[in-house]
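A.B. asks:
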Amino acid sequence: MLYDGAIKFLETACAAMDKKHGTEEAHNNILKAQEIIYELLSSLNYEAGDIAHRLASIYTYMNQKLTEGNISKTKPPLLEVIRYLKELKTAWEGVEEQMSKANSESKASSNSNKDNSSSNSDTKLNITG
1 MLYDGAIKFL
11 ETACAAMDKK
21 HGTEEAHNNI
31 LKAQEIIYEL
41 LSSLNYEAGD
51 IAHRLASIYT
61 YMNQKLTEGN
71 ISKTKPPLLE
81 VIRYLKELKT
91 AWEGVEEQMS
101 KANSESKASS
111 NSNKDNSSSN
121 SDTKLNITG
């Protein structure tokens, strides 16, 4: 998941900020996280409704915070973005779980209907045969 990659890069950037000569490493990892967020932003389907516009606002805000953190070389903006990314990841995992459960229930219902119709047709054949 892209969220995992962005989180990893930002955690690495935060760790690099603690190093005496970690400025360049922090900068490079922040840029990698921003590239992921730009990719998420560019992949939004605005025809899907309000959710795409809300995500666009969140992704834009996160990139602004990352720029702020990169310029100031401070962790708080990065930690804020990490928190948002983790929340979004958890939310999407919940959606995925619900969709998987709904698909499983739909397949089970479909199979049950097939079983009923085949047993009904067997019964009909036995009755008329």
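Each residue of the sequence shown is one higher than the one before, counting from 1 in UniProt numbering.
The C-beta atom is built at its ideal place from N, Cα and C for all residues, glycine as well.
Computed from a predicted structure; not experimentally measured.
#1: Is it true that the stretch 8-17 meets the stretch 69-80, where meeting means three or more beta-carbon pairs spaced less than 8 Å apart?
#2: Let me know the secondary structure DSSP gives LYS32 once reduced to three states.
#3: At least one CB of chain C closer than 8 Å to the CB of GLU93: is that the case?
#4: Spatial neighbours of ILE85 within its chain, please: C-beta separation below 7 Å, excluding the five flanking residues on both sides.
#5: With a threshold of 16 other CB atoms inside 10 Å of the CB of LEU31, please say whether the residue is buried or exposed.
#6: Distance check for GLY94 and GLU87, CA to CA, integer angstroms please.
#7: Is DSSP giving ILE7 helix, strand or coil here?
#8: Taking the C-alpha atoms as reference points, what is the distance between PHE9 and SER106?
C.D. replies: Well, looking at it:
#1: yes
#2: helix
#3: Among the chains in the structure shown there is no chain C, since it carries only a single protein chain.
#4: It should be pointed out that residue 85 corresponds to Leu in this sequence rather than to Ile. TYR3, ALA6, ILE7.
#5: exposed
#6: 11 Å
#7: helix
#8: 39 Å
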